[in-house]
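Student: When we follow full-length UniProt numbering, the leftmost residue of the sequence shown carries the number 1, and every step to the right adds one.
Beta carbons: idealized from backbone N, C-alpha and C, even for Gly.
Can you keep this structure in mind? I'll have questions shortly.
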Amino acid sequence: MSYYQTIDGMKCDKGIIEACQEAVKGQGDGRVSLADAKKVFEKVADGGVETRCERWTVRHCLTAFKFTAAAHDWFIENCAQVPQSDDAPAAKKARTEEEAADPGDGRKDYYEVLDGAKCDRAIVDACREAVKGQGDGRVSLEDAKKVFEHAEDGNILTRCERWTIRYCLTEFKWTEAAQDWIVDALQKVPGAESHESHCCIS
1 MSYYQTIDGM
11 KCDKGIIEAC
21 QEAVKGQGDG
31 RVSLADAKKV
41 FEKVADGGVE
51 TRCERWTVRH
61 CLTAFKFTAA
71 AHDWFIENCA
81 QVPQSDDAPA
91 AKKARTEEEA
101 ADPGDGRKDY
111 YEVLDGAKCD
121 RAIVDACREA
131 VKGQGDGRVS
141 LEDAKKVFEH
151 AEDGNILTRC
161 ERWTIRYCLT
171 EFKWTEAAQD
181 WIVDALQKVP
191 GAESHESHCC
201 IS
């Protein structure tokens with residue numbers, strides 16, 4: 001039996017996904033609670049490190065399942081405390097991130113390499129702007145709608161755009177209403193499968 005499941009072109013940890021599925025199955029309001037998040041976390045931290053595959057799986061789960069605000073915050077904070085494993089050699093990581101940051105023609109590249117994947121810079125920048133000096137530093141419902149506007153162009157979402165939004169759900173704190181809204185929005189918009197290569201692990 002395979003330990004992995006491919007989602008939108010990305011290899012994910014099946015055990016983490018199944019733990020989330022079990023958490024919401026026939027339970028209350030169908031949310032991952034704080035107690036559930038602690039069980040899912042055991043799957044992430046079972047090897048003593050969090051691998052890149054596990055990090056991207058966590059990002060998928062945060063948009064595939066609805067977490068309570070307390071569960072989301074606890075989960076993100078505790079995952080960050082687990083020693084991180086980078087599957088790419090340090091030299092290659094530095095080179096690819098430098099190339100993405102400066103394509104050599106004096107302009108900002110459309111993409112930004114984050115944790116080994118090419119992400120949509122405009123979406124990430126929109127989240128950075130949303131939390132900068134604002135209230136409690138969370139992405140609000142109003143902010144979430146603005147962020148999504150940067151992704152939903154042409155009434156489709158590329159794999160790159162989907163994975164960028166997933167990345168942002170782990171790197172920024174969101175209100176529960178904002179997270180719920182963007183999870184629902186992601187499920188309503190069709191994907192553009194032909195853009196798989198634009199968001200691959202470097």
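May I have the straight-line CA-CA distance separating TRP56 from GLU171, to the nearest angstrom?
Tutor: If I take the Cα positions, the gap works out to 12 Å.
Student: Under the rule that 16 or more other beta-carbon atoms within 10 Å means buried, what is ASP120, buried or exposed?
Tutor: Buried is the call here.
Student: From TRP174 to GLY137, what does the alpha carbon distance come to, in whole angstroms?
Tutor: Roughly 8 Å separates the two Cα atoms.
Student: Assuming ILE7 and GLU54 are in contact, meaning their beta carbons sit under 8 Å apart, how far apart are those beta carbons, in whole angstroms?
Tutor: In fact, because the Cβ distance is near 13 Å, the residues do not count as touching under 8 Å.
Student: On a Cα-Cα basis, can you pick out the residue from LEU186, ALA45, GLU161 that is closest to ALA117?
Tutor: The option with the nearest alpha carbon to ALA117 is GLU161.
Student: Determine whether the beta carbon atoms of ALA126 and LYS145 lie at a separation below 8 Å.
Tutor: Not a contact, by the Cβ cut-off of 8 Å.
Student: Short of 6 Å in beta carbon distance, which residues of its chain neighbour ALA178, apart from the five on each side in sequence? Order them along the chain.
Tutor: The answer, listed in chain order, is VAL139, SER140, LEU141, ALA144.
Student: Please report the straight-line C-alpha distance between residue 282 and GLY28, rounded to a whole angstrom.
Tutor: The shown model of the chain, from 1 to 202, leaves out residue 282, and the question about it has no answer.
Student: Take VAL124 as the anchor and find which of TYR167, CYS61, LYS38 has the nearest alpha-carbon.
Tutor: Ranking TYR167, CYS61, LYS38 by Cα distance to VAL124 puts TYR167 first.
Student: What are the residues that DSSP puts in a beta bridge with LYS11?
Tutor: Looking at the DSSP assignment, LYS11 forms a beta bridge with THR6.
Student: Whole angstroms is fine: what's the gap from GLU149's alpha carbon to GLU22's?
Tutor: About 32 Å.
Student: Once DSSP output is grouped into helix, strand and coil, what is the label at GLU152?
Tutor: Of the three classes helix, strand and coil, the one that applies to GLU152 here is coil, per DSSP.
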